[in-house]
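Those protein sequence lines, which keep their order, are chains B and Z.
Per the numbering used here, the very first residue in the first sequence carries number 782; after that it's consecutive.
Per the numbering used here, the very first residue in the second sequence carries number 417; after that it's consecutive.
Every residue gets a Cβ at the ideal spot worked out from N, C-alpha and C, and that includes glycine.
Source: prediction; values computed, not measured.
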Amino acid sequence: MAPKSSSSFTFTKPSSQSASGSSNTVSTTASSSISALLSAYTNQTTPRLKFIDAFLVFLVSSGVLQFVYCVLVTNFPFNAFLAGFSSTVGQFVLTASLRQQVNPENKVEFKEVSHERAFADFVLGSIVLHFFVYNFLG
Amino acid sequence: MKAVCFLLLLGAAVQAVKLSVDSVKYSIISAKGEPTTKSLSPTEKSSSEVVTIFQDQTLKLSFQVVDKVTGKGVQPEQAFLRFYDEQSGEEGIQPVRVTSSGKAKFDLSLAKPPASLPPTSSAPLKVTLLLGASSYAPAKLELFNLHIPASHPAPTHPEEAKFHILPELAHTFRPDPKLPARAVSALFAGLVLVVPWTILLGLWFSISPRVPRLFSPNILPFTASLGAFEFLLYRYWVDLKLGDVLTYGAMLGDLVIKNNYVAPTPVDKYTMNLEQERRVWGIERSDRDMNSTFRY
Chain B
782 MAPKSSSSFT FTKPSSQSAS GSSNTVSTTA SSSISALLSA YTNQTTPRLK
832 FIDAFLVFLV SSGVLQFVYC VLVTNFPFNA FLAGFSSTVG QFVLTASLRQ
882 QVNPENKVEF KEVSHERAFA DFVLGSIVLH FFVYNFLG
Chain Z
417 MKAVCFLLLL GAAVQAVKLS VDSVKYSIIS AKGEPTTKSL SPTEKSSSEV
467 VTIFQDQTLK LSFQVVDKVT GKGVQPEQAF LRFYDEQSGE EGIQPVRVTS
517 SGKAKFDLSL AKPPASLPPT SSAPLKVTLL LGASSYAPAK LELFNLHIPA
567 SHPAPTHPEE AKFHILPELA HTFRPDPKLP ARAVSALFAG LVLVVPWTIL
617 LGLWFSISPR VPRLFSPNIL PFTASLGAFE FLLYRYWVDL KLGDVLTYGA
667 MLGDLVIKNN YVAPTPVDKY TMNLEQERRV WGIERSDRDM NSTFRY
């Protein structure tokens with residue numbers, strides 16, 4: 782039985798106008814997603830977490846700049862680069878752990894870890910990290 | 417005074433008891449059979465007598481050791497012939513047997529040279545007679561200068577090259593690393609110091625966190641102890657040794673623990689403040705949401 786010619790199958794030639802429209806749609810979708818993410822972050826994140834996130838951004842920027850200098854200019858002295866870069870990476874790990882433990886939304890996961898305990902762990906880990914960094918700095 | 421006189425007499429007596437040699441003769445016998453004999457009068461001074469022998473010749477030396485004063489034959493405990501090359505410094509000592517009457521003989525055949533003969537060159541060997549007896553002063557008498565054919569050079573040991581002086585070690589060090597231009601270093605130093613801190617302080621000012629209890633009597637010692645630890649680590653970088661740092665760190669840690677410079681506030685009060693904070697900032701979740709998987 783021959784298929785009915787119906788509007789269910791519609792073939793249209795692709796045109797240049799529809800291609801630029803789809804790319805605009807993609808970029809619009811991306812920008813709206815990012816703005817939605819930022820809006821949700823701004824509205825739903827506690828100030829304490831934002832405080833910690835600012836410190837994380839600081840660590841990332843410091844590490845990236847040191848790495849760019851090492852790649853573009855020189856890695857001399859290498860031990861100093863390792864000390865500086867590893868200090869940012871290590872501190873980022875400790876701070877991310879602290880953020881994870883003090884996030885109210887993870888209260889079920891870390892119900893045995895009080896915020897004071899989390900901060901004390903963060904402080905102790907930071908002191909040990911700084912000791913090794915100073916040792917390697919030269 | 418008497419002791420001094422006695423010592424002087426004793427010295428004079430010792431000086432008087434000397435050995436001498438008598439009837440010193442040497443003969444050179446060749447294969448042809450015509451011996452040439454000559455007498456010597458050896459003294460302690462260097463001798464001008466020159467004796468030359470060739471490969472097929474034999475040197476025969478004979479003498480008698482006598483007491484210089486009495487002329488009687490003496491058998492010394494030690495009698496040696498010393499062959500000495502002044503140029504190369506080579507030396508050979510040949511013991512000589514002396515009879516009870518003081519007579520001695522020595523034969524030197526180049527067909528079968530003694531092991532005591534040192535390696536020879538074109539320079540002559542100074543031949544010296546050395547005598548030693550218990551009751552006499554030692555005697556050293558120059559006999560003659562002996563020319564004998566030069567000896568072959570010593571065979572080279574197969575591993576002789578291993579004992580040559582090796583060339584001095586020359587270390588090659590990596591060239592010093594090139595330092596970047598001061599402007600580039602300064603630029604990046606400024607970027608690393610300024611940019612992250614600018615971002616951090618800008619974000620913190622926009623967040624404006626409230627820390628009402630930062631300078632309270634409970635929290636300030638804790639913060640000061642953290643600062644003390646960081647200052648100790650800075651001093652470790654600049655000046656102190658590891659043992660000092662560990663000692664001071666242990667003392668500081670003990671001080672912190674003993675004075676309880678931890679846990680800023682009681683737990684219940686702190687938890688209640690968290691709940692208040694959540695309500696203030698509009699983060700109100702149902703129990704269902706709170707039990708969901710954790711998120712950052």
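When DSSP labels each residue in this structure, what does residue i get in the three-state scheme?
{"i": "Lys748/Z", "result": "Absent from the structure is residue 748/Z, since the part of chain Z shown begins at 417 and ends at 712."}
{"i": "Val854/B", "result": "coil"}
{"i": "Glu893/B", "result": "coil"}
{"i": "His911/B", "result": "helix"}
{"i": "Val870/B", "result": "helix"}
{"i": "Phe589/Z", "result": "coil"}
{"i": "Leu656/Z", "result": "coil"}
{"i": "Ala599/Z", "result": "helix"}
{"i": "Thr572/Z", "result": "coil"}
{"i": "Val490/Z", "result": "coil"}
{"i": "Ala864/B", "result": "helix"}
{"i": "Ala549/Z", "result": "coil"}
{"i": "Phe621/Z", "result": "helix"}
{"i": "Arg498/Z", "result": "strand"}
{"i": "Lys418/Z", "result": "helix"}
{"i": "Thr453/Z", "result": "strand"}
{"i": "Ser641/Z", "result": "helix"}
{"i": "Ser812/B", "result": "helix"}
{"i": "Ile635/Z", "result": "coil"}
{"i": "Ser525/Z", "result": "strand"}
{"i": "Asn916/B", "result": "helix"}
{"i": "Thr459/Z", "result": "strand"}
Just how far apart, CA to CA, sit residue i and residue j?
{"i": "Ala666/Z", "j": "Asp834/B", "result": "33 Å"}
{"i": "Ser624/Z", "j": "Asp592/Z", "result": "49 Å"}
{"i": "Val490/Z", "j": "Ser443/Z", "result": "23 Å"}
{"i": "Ala419/Z", "j": "Ser550/Z", "result": "24 Å"}
{"i": "Ile469/Z", "j": "Ile581/Z", "result": "39 Å"}
{"i": "Thr681/Z", "j": "Asn634/Z", "result": "Caution applies to Thr681/Z, whose pLDDT of 49 falls short of 50 and renders its modelled position unreliable; the value that the coordinates give is listed next. Cα to Cα, the separation comes out at about 7 Å."}
{"i": "Asp523/Z", "j": "Tyr500/Z", "result": "17 Å"}
{"i": "Val909/B", "j": "Pro858/B", "result": "23 Å"}
{"i": "Asp703/Z", "j": "Asn887/B", "result": "Note that Asp703/Z scores a pLDDT of 39, beneath 50, so its modelled location is shaky and nothing firm can be said."}
{"i": "Val608/Z", "j": "Lys578/Z", "result": "59 Å"}
{"i": "Ile815/B", "j": "Ser842/B", "result": "20 Å"}
{"i": "Val672/Z", "j": "Tyr664/Z", "result": "12 Å"}
{"i": "Ala566/Z", "j": "Pro535/Z", "result": "7 Å"}
{"i": "Phe866/B", "j": "Pro583/Z", "result": "45 Å"}
{"i": "Arg880/B", "j": "Thr588/Z", "result": "52 Å"}
{"i": "Arg651/Z", "j": "Gly659/Z", "result": "13 Å"}
{"i": "Ile509/Z", "j": "Asp483/Z", "result": "24 Å"}
{"i": "Arg629/Z", "j": "Phe832/B", "result": "16 Å"}
{"i": "Val894/B", "j": "Gly919/B", "result": "37 Å"}
{"i": "Lys657/Z", "j": "Tyr915/B", "result": "12 Å"}
Residue i bridges to which residues according to DSSP?
{"i": "Ala520/Z", "result": "Phe479/Z, Val514/Z"}
{"i": "Asn561/Z", "result": "Val466/Z, Lys542/Z"}
{"i": "Ile509/Z", "result": "Arg498/Z"}
{"i": "Ala555/Z", "result": "Leu547/Z"}
{"i": "Asp438/Z", "result": "Gln480/Z"}
{"i": "Ser842/B", "result": "According to DSSP, which records beta bridges pairwise, Ser842/B is partnered with nothing at all."}
{"i": "Thr474/Z", "result": "Ile445/Z, Ser525/Z"}
Please list, in chain order, all residues of the same chain as residue i whose beta carbon is under 6 Å from its beta carbon, the five residues on each side excluded.
{"i": "Asn856/B", "result": "Phe862"}
{"i": "Ala447/Z", "result": "Asp472"}
{"i": "Ala553/Z", "result": "Lys434"}
{"i": "Cys851/B", "result": "Phe862"}
{"i": "Leu541/Z", "result": "Phe499, Asp501, Leu562"}
{"i": "Val466/Z", "result": "Asn561"}
{"i": "Ser478/Z", "result": "Lys441, Lys521"}
{"i": "Ala811/B", "result": "none"}
Sorted by chain position, which residues of the same chain lie with C-beta nearer than 7 Å to residue i's C-beta, five sequence neighbours on each side aside?
{"i": "Phe917/B", "result": "Asn860, Leu863, Ala864"}
{"i": "Val451/Z", "result": "According to the sequence shown, residue 451/Z is Pro rather than Val. Hits under 7 Å: Ser443, Ile444, Ile445."}
{"i": "Ser796/B", "result": "Only weak support exists for where Ser796/B lies, its pLDDT of 49 falling under 50; the coordinates are left without a value."}
{"i": "Lys556/Z", "result": "Glu460, Thr544, Leu546"}
Let me confirm a value: residue i is counted as buried when at least 16 other C-beta atoms fall within 10 Å, else exposed. Which label applies?
{"i": "Glu576/Z", "result": "exposed"}
{"i": "Ser868/B", "result": "buried"}
{"i": "Leu545/Z", "result": "buried"}
{"i": "Glu558/Z", "result": "buried"}
{"i": "Arg513/Z", "result": "exposed"}
{"i": "Phe560/Z", "result": "buried"}
{"i": "Lys685/Z", "result": "Low confidence applies here, because Lys685/Z scores a pLDDT of 44, under 50, leaving its location unreliable and the question unanswered by this model."}
{"i": "Ala495/Z", "result": "buried"}
{"i": "Leu585/Z", "result": "exposed"}
{"i": "His911/B", "result": "buried"}
{"i": "Gln882/B", "result": "buried"}
{"i": "Phe847/B", "result": "Checking the sequence, you will find Gln at residue 847/B rather than Phe. Per the 10 Å Cβ criterion, buried."}
I'd like the list of long-range same chain contacts for residue i, defined as Cβ closer than 8 Å, with 5 residues on each side in sequence excluded.
{"i": "Val610/Z", "result": "none"}
{"i": "Leu668/Z", "result": "Ser641, Ala644, Phe645, Leu648"}
Below 9 Å on C-beta distance, what does residue i contact in chain D?
{"i": "Ile673/Z", "result": "Among the protein chains in the structure shown, which are B and Z, there is no chain D."}
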